[in-house]
Amino acid sequence: MMGSRGYDMTPTMYSPDGRIYQVEYAIETVKRGTLAVGIRCGEGIVMAVEEKPRALQSNDIAQKIFRVDGHIGVAAAGYIPDARVQVENARMFSQGNRLAYDESVEVETVAKHLADQCHQFTQYSGVRPYGVALIVAGVDQKGQSVYVTDPSGTYVQYSAVAIGAGADEVTDFLEKHYSADMGMDDAAALAVAAINLRVDKPEGTDHIKMARIVNGGELSRVEGEELKGHARASARFGR
Numbered sequence: 000m001m002g003s004r005g006y007d008m009t010p011t012m013y014s015p016d017g018r019i020y021q022v023e024y025a026i027e028t029v030k031r032g033t034l035a036v037g038i039r040c041g042e043g044i045v046m047a048v049e050e051k052p053r054a055l056q057s058n059d060i061a062q063k064i065f066r067v068d069g070h071i072g073v074a075a076a077g078y079i080p081d082a083r084v085q086v087e088n089a090r091m092f093s094q095g096n097r098l099a100y101d102e103s104v105e106v107e108t109v110a111k112h113l114a115d116q117c118h119q120f121t122q123y124s125g126v127r128p129y130g131v132a133l134i135v136a137g138v139d140q141k142g143q144s145v146y147v148t149d150p151s152g153t154y155v156q157y158s159a160v161a162i163g164a165g166a167d168e169v170t171d172f173l174e175k176h177y178s179a180d181m182g183m184d185d186a187a188a189l190a191v192a193a194i195n196l197r198v199d200k201p202e203g204t205d206h207i208k209m210a211r212i213v214n215g216g217e218l219s220r221v222e223g224e225e226l227k228g229h230a231r232a233s234a235r236f237g238r
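So in numbering that gives the first Met the number 0, spot 100 of the sequence shown is number 99, and the numbers just go up one at a time.
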């Protein structure tokens, strides 16, 4: 960036026009990442991500959807190694809360903890901001929750949201079709439609990974014929 003039050498330095360039670069990394979607409904939450699988790639290793605790999951967009570091941190934090208070941690508490971690990496020289945004979603005693954290340390709650490449367009699509009273199947179909919005010629479901948390249940994958059924149902949302 020509206008940075050395102000991008550290995340602790503001430019004369009030910008922190390294944070902006990290946010740009998120915008170049593949799409991730999170939706809450009365029956729980759904997360879906776009993946570009290779023929010999194993599906057994989570790439962009992670389990934090039984009732909390994370979907990531951006630099995925940074996501793994944050997810591991969230797991330790969640386990610590359970040991200290003998209860499961709230979704918002995890989102705030991860956002605080991101913010810390904008305050010290010799480090760089995390180049990843996370959808932190789950079901706790307060109900269903979906939050987004970003490299600046911000966290915001949503009913439905997208992060990654084309997120603004996909979020507009979600705003158009989302309904607070939709069920889990409708939310899953909408998530597929949102992911496919960025695919030129969507065929099958190999490019989609999905997980859900049903009220009172734990994070589980949605795959196989069930995912294909949601893909067929997604046609009603159009493009």
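C-beta atoms are modelled at their ideal positions from N, C-alpha and C, and glycine is treated no differently.
As an exercise, report each continuous beta strand (DSSP E) stretch of at least 3 residues that is fully enclosed by the segment 61-136, in chain order. Counting only runs of 3 or more, we get 64-68 and 71-77.
To the nearest angstrom, how far is the alpha carbon of residue 45 from that of residue 159? 9 Å
State the start and end residues of the unbroken alpha helix (DSSP H) segment that holds residue 198. Here residue 198 belongs to no alpha helix (DSSP H), and DSSP marks it neither H nor E.
When burial is assigned at 16 or more other CB atoms within 10 Å of the CB, is residue 203 buried or exposed? exposed
Would you report the Cα separation of residue 206 and residue 113, rounded to the nearest angstrom? 28 Å
With a CB to CB cut of under 7 Å and the five nearest residues on each side skipped, what residues in its chain are close to residue 219? 210 and 211
7 Å CB neighbourhood of residue 192 in its chain, flanking five on each side removed: 233 and 236
Expected contact under 8 Å - CB spacing of residue 154 and residue 89 to nearest Å: Not quite, the Cβ-Cβ distance comes to about 12 Å (not below 8 Å), so this is no contact.
Take the Cβ of residue 98 as the centre, count every other Cβ of all protein chains shown within 10 Å, and call the residue buried at 16 or more, exposed below. exposed
Where does residue 144 fall in DSSP's three states? strand
Three CB pairs or more closer than 8 Å across the segment 33-50 and the segment 181-191: yes
Residue 91: buried (16+ other C-beta within 10 angstroms of its C-beta) or exposed? exposed
Coarse secondary structure for residue 53, derived from DSSP in three states: Look at residue 53 here: in three-state DSSP terms it is coil, with no helix or strand label.
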